[in-house]
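Engineer: To get our numbering, take the position in the sequence shown, counting from 1, and add 1. We put the CB at the ideal spot given by N, CA and C, even for glycine. Quick one: the structure is below, questions incoming.
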Amino acid sequence: MTQNKLVKTNQETAFEEKAIILKKLMPTLRKNYSIRELGIFGSYVSGNHKSTSDIDLLVEFQTPPSFFGFIRLENFLSQKLGVKADLVMKDTLKPAISRRVLSELVQI
């Protein structure tokens, strides 16, 4: 934060709150869901999210989950974050969007 910007915006505060929650959850996520890496991208990073926005999360697994395991993880994160979590598996990113996602990704 620069000296000219002494007050954080609601978007910055919301992003920081979500990042803190995810950091605290990482030991559980690694143990219970076999997550190797997790990052935030999209509207929460750019500061363009609205009250109806989901949070975009890029995830890399040690061992990929089953379909139902993936849905359980998405539901778990949605509950903990208080907003719908939209999970994208890193190894399924299409080249056309991969560069944009990785350039704005904030690693947890």
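When DSSP labels each residue in this structure, what does VAL102 get in the three-state scheme?
Structural biologist: Position 101 of the sequence shown holds residue 102. Residue state, collapsed to three classes: helix.
Engineer: Since VAL102 and LEU59 should fall inside the 8 Å C-beta cutoff, what is the C-beta to C-beta distance between them, to a whole number of angstroms?
Structural biologist: Here residue 102 is taken as the residue at index 101 of the sequence shown, counted from 1. Here residue 59 is taken as the residue at index 58 of the sequence shown, counted from 1. Indeed they touch by this definition, with Cβ atoms about 6 Å apart.
Engineer: So within the stretch 38-84, which uninterrupted alpha helix (DSSP H) runs reach at least 4 residues, ignoring any that extend past its ends?
Structural biologist: Taking only runs of at least 4 residues, the alpha helix (DSSP H) segments lying wholly in the stretch 38-84 are 44-47 and 68-82.
Engineer: Quick one: what's got a C-beta closer than 7 Å to GLU18's C-beta in the same chain, skipping five residues either side?
Structural biologist: Start at 1 with the first residue of the sequence shown, and residue 18 comes out as number 17. Nothing meets the Cβ criterion.
Engineer: Could you please give the first and the last residue of the uninterrupted beta strand (DSSP E) stretch that includes LEU88?
Structural biologist: What you label residue 88 is simply residue 87 of the sequence shown in a count that begins at 1. Looking at the DSSP string, the run of the beta strand (DSSP E) that includes LEU88 is 86-90.
Engineer: Within 10 angstroms of the Cβ of THR3, are there 16 or more other Cβ atoms? Answer buried if so, exposed if not.
Structural biologist: Here residue 3 is taken as the residue at index 2 of the sequence shown, counted from 1. For THR3, the predicted structure reports a pLDDT of 46, less than 50, and the residue's modelled location is therefore unreliable. The matter cannot be settled from this model.
Engineer: How about PHE62 and LEU106: do their beta carbons lie closer than 7 Å?
Structural biologist: Here residue 62 corresponds to residue number 61 of the sequence shown, with the count starting at 1. Here residue 106 corresponds to residue number 105 of the sequence shown, with the count starting at 1. No. Outside cutoff.
Engineer: Find the nearest neighbour of GLY48 within the set PHE77, LEU94, THR14 and VAL84, judged by alpha-carbon distance.
Structural biologist: Here residue 48 refers to the residue found at position 47 of the sequence shown. Minimum Cα distance to GLY48 is reached at THR14.
Engineer: Measure the beta-carbon distance from LEU45 to PHE77 and round it to whole angstroms, keeping in mind my assumption that it falls under 8 Å.
Structural biologist: For the purposes of this step, residue 45 is taken as residue 44 along the sequence shown, with counting starting at 1. For the purposes of this step, residue 77 is taken as residue 76 along the sequence shown, with counting starting at 1. The amino acid at residue 45 is misidentified as Leu; the sequence shows Tyr. TYR45 to PHE77, Cβ: 18 Å. No contact.
Engineer: Among THR64, GLY40 and PRO65, which one has its Cα closest to the Cα of ILE56?
Structural biologist: In the sequence shown, counting from the first residue as 1, residue 56 sits at position 55. Here the closest residue by C-alpha is GLY40.
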